[in-house]
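Residue numbers for the sequence shown follow the UniProt record's numbering, beginning at 1 and rising by one.
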Amino acid sequence: MHDDGSYDEPPVTGPGGRSSAADPVSRETDQQGWSRGAEFRDPAPRPADPDPDPVVRQDVPSGGGLHPVSGVPANLPPGAGGPQPTSGVPANLPPLREAPESAARPANVADPRPVPVQRNAAPPARFEPLPASGVAQQSAPQAVPGSDAVAADTPPVDGYELDANPSTYVSRETPTREEDDPPLAMEAMRAVHILNPSGEVTMPRPERTRVMCVANQKGGVGKTTTTVNLAVALALHGNRVLVVDLDPQGNASTGLNVPHHTGVPDVYDCLIDSVPLEEVAQAVEGIPNLWCVPATIDLAGAEIELVSVVARESRLARAIAAYPGQFDYVFIDCPPSLGLLTVNALVAAQEVLIPIQCEYYALEGLNQLINNINLVRQHLNPKLEVSTILLTMYDRRTRLADAVEQDVRNHFGDKVLQAVIPRNVRVSEAPSYGQSVMTYDPGSRGATSYFEAAQEIADRGAKEPVSRNA
Ligand code: ADP
Ligand code: MG
């Protein structure tokens with residue numbers, strides 16, 4: 001990493017290698033990859049197929065494959081009449097890009113199209129190589145409700161001959177490790193472990209309240225998602241947790257399904273009008289031991305109004321200190337800025353948790369945050385330390401994610417949690433249901449990763465109670 005927080009782009013590698021600029025995520029279907037990486041055998045016309053043009057059918061007889069390089073059907077008679085297809089796709093194959101995946105397809109019918117090639121990607125855990133010559137005989141696996149592995153794999157489908165080399169198939173999701181994509185029974189076990197209905201699974205409680213400020217002045221790096229999911233994970237496993245939503249957007253309040261429309265008493269009242277926190281904190285429905293101090297849009301004015309208030313930097317610290325509830329954890333979800341609201345959070349906290357998105361520019365601006373933390377430590381809060389770094393939205397398919405992880409680990413050492421949060425669609429869906437991913441889809445990789453992160457944070461707190469408050 002360079003001094004200014006940037007880092008080199010990963011080099012372009014051989015065939016299938018990617019430059020970060022050219023293809024940072026590779027979610028899209030590369031049309032060339034279709035003709036390069038897989039051979040099609042035209043299936044016998046299915047009853048559902050619309051009757052193709054008889055001329056086309058004559059030109060592209062049933063059973064013809066595509067030339068592996070040119071993409072031209074192998075048994076196309078030379079000089080056959082009619083315009084030649086330029087894409088090399090037989091006329092009665094479904095169009096490549098017309099509909100988004102999952103649209104226009106029943107949930108339990110897998111996409112018959114092979115996924116484009118990423119030659120240096122690991123095969124998905126459940127891929128079974130086909131016999132080199134054979135047509136795949138397996139039927140498409142059933143979609144598993146609630147599983148984020150649905151449609152992740154590329155099942156061989158009757159009637160299509162696929163490339164027998166498993167390394168040419170990749171998952172569309174972002175597997176973190178192969179064991180993270182387990183069978184249904186495993187997933188159910190993990191879900192029970194995470195929801196913990198019997199209360200058997202506990203995470204160690206700290207000796208004193210740990211006030212953690214979740215900060216990063218970049219927006220969209222996962223501060224709110226991290227706050228909500230860690231708080232729920234710890235609360236589900238025997239800890240008393242308070243979430244203070246300090247972002248005027250009120251996303252943490254939304255994620256915990258706590259009312260935060262105009263007129264609801266909120267953190268603004270505590271900061272500006274010195275209302276005690278216990279009067280505005282609301283119990284989070286469905287999660288015992290979890291409370292939330294919501295933020296309404298009123299908070300947007302607080303940055304300016306705080307300027308003229310006495311002890312403007314320590315308003316939140318006083319409010320938290322005066323709260324009689326014996327919390328194990330207080331998480332403060334900061335806005336994406338380094339203004340007075342964030343300063344209030346830094347003065348109130350003993351620990352800073354910085355979520356870092358595994359993307360380009362992730363480290364830019366981090367120096368500024370660290371400088372601010374140092375200033376607050378020198379002048380306002382000597383107990384403050386950056387205790388935890390969490391890597392979020394990790395996409396294993398990109399070398400960039402690896403590069404960012406290595407840089408962050410080299411730079412911050414053991415402050416970086418071993419648990420890494422993958423980019424996972426369940427995580428992003430959960431807030432629209434007013435839930436954390438822990439309750440929305442407890443068997444998903446997102447939930448498991450946040451559970452692991454919470455466990456690590458709890459274990460570290462139990463081991464290092466003295467240095468934490470030193
Ligand atoms: P911040 O609070 O730093 O602005 P958010 O937590 O609101 O960031 O996250 C920004 C967006 O990214 C949200 O839409 C969220 O749902 C999504 N998101 C966060 N973490 C993940 C993840 N691990 N996988 C997929 N989407 C994520
Ligand atoms: Mg946020």
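Idealized CB from N, CA, C, for every residue including glycine.
Rounded C-beta distance between residue i and residue j? I'm assuming under 8 angstroms.
| i | j | result |
| --- | --- | --- |
| L246 | D333 | 6 angstroms |
| P442 | A191 | 4 angstroms |
| Q282 | C292 | 6 angstroms |
| M438 | I194 | 6 angstroms |
| V404 | A362 | 5 angstroms |
| P204 | D459 | 6 angstroms |
| L234 | V243 | L234 to V243, Cβ: 10 angstroms. No contact. |
| A453 | A401 | Contact doesn't hold; Cβ gap of about 17 angstroms is too wide. |
| G365 | T254 | At roughly 26 angstroms, the Cβ-Cβ gap does not stay under 8 angstroms, so G365 and T254 are not in contact. |
| Q378 | L338 | Going by Cβ atoms, the distance from Q378 to L338 rounds to 16 angstroms, so no, they are not a contact pair. |
| L290 | I457 | Not quite, the Cβ-Cβ distance comes to about 16 angstroms (not below 8 angstroms), so this is no contact. |
How is the beta strand (DSSP E) around residue i delimited, first residue to last?
| i | result |
| --- | --- |
| M212 | 210–214 |
| S387 | 385–392 |
| L353 | 351–357 |
Spatial neighbours of residue i within its chain, please: C-beta separation below 8 angstroms, excluding the five flanking residues on both sides.
| i | result |
| --- | --- |
| E278 | Y323, P324, G325 |
| N251 | T224, D245, D333, P431 |
| F412 | V386, I389 |
| P276 | C270, A319, A322, Y323 |
| S314 | N344, V347, A348, L380 |
| T209 | Q326, F327, D328, Y329, V330 |
| T262 | T296, I297, D298 |
| G222 | P355, Q357, L390, T392, M393, I421 |
Tell me where the alpha helix (DSSP H) around residue i begins and ends.
| i | result |
| --- | --- |
| S449 | 445–463 |
| F412 | 399–412 |
| Y440 | 437–440 |
| Y360 | It is not in any alpha helix (DSSP H) - Y360 carries neither H nor E in the DSSP assignment. |
| Y268 | 267–273 |
| N344 | 340–348 |
| A231 | 223–236 |
| M186 | 184–195 |
| H379 | 366–379 |
| R315 | 315–321 |
| N257 | Counting along the chain, N257 falls outside any alpha helix (DSSP H), and DSSP gives it neither H nor E. |
| I297 | Unbroken run through I297: none, as it is neither H nor E. |
| E207 | It is not in any alpha helix (DSSP H) - E207 carries neither H nor E in the DSSP assignment. |
| A302 | 302–305 |
Once you ignore the five residues that flank residue i on each side, which residues in its own chain have a CB closer than 7 angstroms to its CB?
| i | result |
| --- | --- |
| A349 | V211, M212, C213, I332, L384 |
| D264 | Reading off the sequence, residue 264 comes out as Val, not Asp. Closer than 7 angstroms at the Cβ level, and outside the excluded window around V264, lie P294, T296. |
| D345 | For clarity, residue 345 is Ala in the given sequence; the question names Asp instead. Contacts found: C213, A215, L246, L316, I332, C334. |
| D302 | Here residue 302 turns out to be Ala, not Asp, going by the sequence shown. For A302, where only same-chain residues beyond five positions count, the Cβ hits under 7 angstroms are Y268, L271, I272, L341. |
| L256 | V228, V243, V284, C292 |
| L299 | P248, D266, V267, Y268 |
| V258 | Q282, V284, C292, P294 |
| R57 | In this prediction, R57 has a pLDDT of 37, which is less than 50 and means its spatial position is unreliable; what the coordinates show is noted afterwards. Result list for R57: empty, nothing under 7 angstroms. |
| I373 | L346, V352, L384, V386 |
| R312 | L306, L340 |
| K463 | none |
| I287 | V232, A235, L236 |
I'd like the list of long-range same chain contacts for residue i, defined as Cβ closer than 6 angstroms, with 5 residues on each side in sequence excluded.
| i | result |
| --- | --- |
| A321 | none |
| A21 | Confidence at A21 is low in this model, with a pLDDT of 39, below 50, so its placement is unreliable and the value that follows should be read with caution. Cβ within range, chain order: n/a, list empty. |
| residue 477 | Lying before the first or after the last residue shown, residue 477 is absent from the chain, which here runs from 1 to 470. |
| P335 | D247, L341 |
| G446 | N424, R426, V427, V437 |
| N381 | V347 |
| R409 | V416 |
| F451 | I194, A233 |
| G461 | P206, R210 |
| E305 | I272 |
| T448 | R190 |
So who's on the other strand from residue i, going by DSSP bridges?
| i | result |
| --- | --- |
| Q282 | C292 |
| F331 | M212, V243 |
| P422 | Y394 |
| V416 | I389 |
For the segment 350–366 and the segment 215–234, state whether three or more C-beta atom pairs, one from each stretch, are separated by less than 8 angstroms. Taking a cut-off of 8 angstroms for Cβ pairs, the segment 350–366 and the segment 215–234 touch, as three or more such pairs fall below it.
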